[in-house]
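Mapped onto my numbering, the consecutive letters of the sequence shown carry residue numbers 252 to 588. Glycine included, each C-beta is placed from N, C-alpha and C at the ideal position. Notes follow the structure.
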Amino acid sequence: MVIVIKPGTTDEAILKVKKEMEAQGFTIHESRGANFCVLGVVGDTAAFDVRNLMVKDCVEKVLRVQEPYKRANRLFHPADSVIDVSGVKIGGNKVQVIAGPCSVESEAQITAVAEAVKKSGATLMRGGAFKPRTSPYSFQGLREEGLDLLQIAKKKTGLPIVTEIMSARMIERYVEDVDLIQVGARNMQNFELLKELGRTRKPILLKRGLSATIEEWLMSAEYIMSEGNENVILCERGIRTFEQYTRNTLDLSAIPVVKKLSHLPVIVDPSHAGGLWWLVEPLAKAAVAAGADGLLIEVHNDPEHAKCDGAQSLKPERFDNLMNSLRIIAGAVGRTI
Ligand code: PEP
Ligand code: MN
Numbered sequence: 252m253v254i255v256i257k258p259g260t261t262d263e264a265i266l267k268v269k270k271e272m273e274a275q276g277f278t279i280h281e282s283r284g285a286n287f288c289v290l291g292v293v294g295d296t297a298a299f300d301v302r303n304l305m306v307k308d309c310v311e312k313v314l315r316v317q318e319p320y321k322r323a324n325r326l327f328h329p330a331d332s333v334i335d336v337s338g339v340k341i342g343g344n345k346v347q348v349i350a351g352p353c354s355v356e357s358e359a360q361i362t363a364v365a366e367a368v369k370k371s372g373a374t375l376m377r378g379g380a381f382k383p384r385t386s387p388y389s390f391q392g393l394r395e396e397g398l399d400l401l402q403i404a405k406k407k408t409g410l411p412i413v414t415e416i417m418s419a420r421m422i423e424r425y426v427e428d429v430d431l432i433q434v435g436a437r438n439m440q441n442f443e444l445l446k447e448l449g450r451t452r453k454p455i456l457l458k459r460g461l462s463a464t465i466e467e468w469l470m471s472a473e474y475i476m477s478e479g480n481e482n483v484i485l486c487e488r489g490i491r492t493f494e495q496y497t498r499n500t501l502d503l504s505a506i507p508v509v510k511k512l513s514h515l516p517v518i519v520d521p522s523h524a525g526g527l528w529w530l531v532e533p534l535a536k537a538a539v540a541a542g543a544d545g546l547l548i549e550v551h552n553d554p555e556h557a558k559c560d561g562a563q564s565l566k567p568e569r570f571d572n573l574m575n576s577l578r579i580i581a582g583a584v585g586r587t588i
């Protein structure tokens, strides 16, 4: 952190700032030019509130030079993290594909889709049991029954379960029955939920908030990691922009940016980004080409009658074709799928 002192400040006032900072355990390096005095603050400033300095008359500005996240920061963990989700490794050379319906609707539906996506090469299955819908009158998911049906589909296919948690009240059940616990975009900044999940050792799929900056997203990962759970996978799912044609705008640049800033794996959800089934293929291809470690894709056996997100769901045959074309893209960037 760098403190720029206002021109004309007395030596006495500068010394006072230095002493205050040193008393808090920081080391200060002072540099003086003709008009400016700059204090370089060395030490762990992650928990330091910059506003405590800004209120001082003699302080012109304060610049942070270090990111506020530590455990998620690549600086302190140069190697890529590989997260083991019940034997499926996310963050390694293989691009892992999570596929399944937006919501679990019935035993027949979830098992049929799970069997189909497995055949096409998906290595994990998704299915929402608790759904975060914009309207309280829309289908809210089968809730606990949905979790039971996911168990049945897992027994039939062997595919690990990925499903969203909405309340800390459900953590015990999720730890028991879910392989990768999803935190949805709307709960990315539900800090109490993040902390509770941080006290488990379960892999967590942390989706980017609707309007979250990359730093805010990484700070949410930090919440989980700061409680001791390092098993975090990030998921870019499109952000709010002025564009109305697509449901969200897929921020492809977030993939290389997050990979530069953090060692955590990053996967992409082209379904919620585009919001239309025919956009899923080009967005998925682009994500793999840009370095995504995995994909989260909505697949439904009868999208026209889906209880949620039918417009963006691929039919199993289309998903199969997509997997074939993704193999070519993955190969071109030195990865398998
Ligand atoms: C979902 O994956 O079903 C979902 C609701 O996604 P998001 O939180 O990204 O909107
Ligand atoms: Mn959905």
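DSSP places residue 376 in the uninterrupted beta strand (DSSP E) bounded by 375-377. Comparing C-alpha distances from residue 521 to each of 295, 580, 510, 538 shows the shortest one belongs to 538.
In the structure shown, the three-state DSSP call for residue 307 is coil.
In the displayed model, residue 453 falls within coil according to three-state DSSP, outside both helix and strand. Looking at the DSSP output, residue 291 shares a beta bridge with 253, 280. Counted as a single uninterrupted DSSP element, the stretch harbouring residue 296 is not any beta strand (DSSP E), since DSSP gives it neither H nor E. Bounds of the alpha helix (DSSP H) holding residue 573 are 567-583.
Three or more beta-carbon pairs separated by less than 8 Å link the region 466-482 to the region 509-524, which places the two stretches in contact. Residue 354 is positioned such that its CB atom lies closer than 8 Å to that of residue 392.
Taking residue 451 as the centre and dropping the five residues before and after it, the same chain places the C-beta of 422, 426, 480 closer than 7 Å to its C-beta, in chain order.
Screening all residues for a C-beta within a distance smaller than 5 Å of any heavy atom in ligand 2 leaves 353, 560, in chain order. Only buried fits residue 455, as 16 or more other CB atoms lie within 10 angstroms of its CB. Nearest C-alpha to residue 569 among 313, 270, 364: 364.
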